[in-house]
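Here's the structure we're looking at; comments come further down.
Numbering (the UniProt record's numbering), first residue to last: 1 to 315.
And the structure:
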């Protein structure tokens with residue numbers, strides 16, 4: 001759950017979240033040890049569903065956190081009221097007070113990154129629908145277990161099957177195909193990550209062959225480029241030497257979903273109608289690729305076209 005400025009809990013100053021890329025918490029949060037690399041997650045703001053993804057990396061570090069405690073009983077379960085005076089009220093002993101007692105404590109800090117598979121579903125499910133999918137009814141914790149199968153069924157009923165398939169593919173291959181966890185240290189920080197076997201070498205190969213160029217949009221910083229498979233790696237599970245192109249992160253996602261495709265005869269970009277209202281993508285329509293694909297890449301692009309344009313047209 002991410003609520004930003006709408007949070008009612010005043011026991012701490014909140015967390016640095018960018019909900020479509022990463023989520024932060026610490027060892028004072030209930031269920032703080034329960035998240036794992038490879039877990040599917042859904043984020044909401046107490047009103048509506050924001051999106052879903054798969055955790056790719058969890059950074060951990062040791063740090064300090066300023067807590068606000070009730071001056072009477074010492075709990076951090078206090079609320080900040082917008083209009084009532086005094087402003088603060090203890091949810092445990094019911095004491096009311098003007099200022100909480102500050103307490104600087106040492107905690108374990110966590111940040112989960114999941115931006116590569118982030119799929120927005122802004123408002124697709126409302127508060128009532130989301131609460132009904134929690135495993136423990138009445139759970140009020142910020143991080144709570146979800147009945148994932150029931151959740152996916154609810155999304156499918158809302159005609160979100162394509163996006164659900166993409167997230168499911170990340171689960172089936174990226175995290176549960178026998179890949180090994182690696183503990184990577186960065187000074188005082190540690191990150192637990194799982195990677196597709198050979199994905200790093202596949203990216204290095206494409207970068208060497210293609211350079212810092214997105215095949216659809218042109219030159220781009222290396223850090224925003226991803227090695228995009230021209231086929232479903234989730235189904236095939238093999239890195240073909242010439243089976244990919246370097247793609248900007250957003251372009252990669254849209255290509256995977258079929259919102260962007262390449263007409264195989266004249267190599268022009270085809271933009272699905274539902275992207276027409278977004279100028280940065282609409283301007284790509286009928287533009288030729290920024291590079292000349294190899295014969296093997298043309299074969300994959302033709303199969304992608306047949307699947308997404310001839311098999312089922314994007315709307």
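Where is the CB? At the ideal position from N, CA and C, for every residue including glycine. Please read these numbers as outputs of a predicted model, since none were measured by experiment.
* Check residue 273 in the structure and name its three-state DSSP category. => helix
* **Neighbour-count burial assignment, residue 277, 16 or more Cβ in a 10 Å radius** => exposed
* Asked: What are the start and end residues of the beta strand (DSSP E) that includes residue 60?
  -> 57-69
* Inter-stretch contact at 8 Å, needing at least 3 Cβ pairs: the region 214-223 / the region 272-292 -> yes
* Asked: At which residue ranges does the region 87-141 contain complete alpha helix (DSSP H) runs of 4 or more residues, listed in the order of the chain?
  -> 127-131
* Asked: Hey, out of 103, 107, 148, 82, whose CA is closest to residue 24's CA?
  -> 107
* To do: Take the Cβ of residue 40 as the centre, count every other Cβ of all protein chains shown within 10 Å, and call the residue buried at 16 or more, exposed below.
  => buried
* When you compare each of 292, 288, 126, 274 to residue 389 by their alpha carbons, which one comes out closest? -> For the chain, the structure presents residues 1 to 315; residue 389 sits outside this window and is missing.
* To do: With a threshold of 16 other CB atoms inside 10 Å of the CB of residue 210, please say whether the residue is buried or exposed.
  => buried
* Closest by CA to residue 273, which one among 242, 260, 265, 36? -> 260
* Do the region 143-156 and the region 73-92 make contact, defined as three or more Cβ pairs closer than 8 Å? -> no
* If you compare alpha carbons, which of 96, 258, 150 is closest to residue 311? -> 258
* **Of the listed residues 82, 43, 79, 27, nearest to residue 61 (C-alpha basis)** => 27
* Would you give the residue range spanned by the beta strand (DSSP E) that residue 54 belongs to? => 49-54
* Buried or exposed by the 16-neighbour rule on C-beta atoms within 10 Å, applied to residue 226 -> buried
* Got a sec, what are the start and stop residues for the beta strand (DSSP E) residue 43 sits in? -> 40-44
* Hey, which unbroken runs of the alpha helix (DSSP H) at 4 residues or more fall wholly within the UniProt domain "HNH nuclease" (214-263)? -> 233-236, 249-257
* **Extent of the continuous beta strand (DSSP E) to which residue 23 belongs** => 22-26
* To do: List the residues that DSSP assigns as beta-bridge partners of residue 84.
  => BP columns for residue 84 are empty, so no partner.
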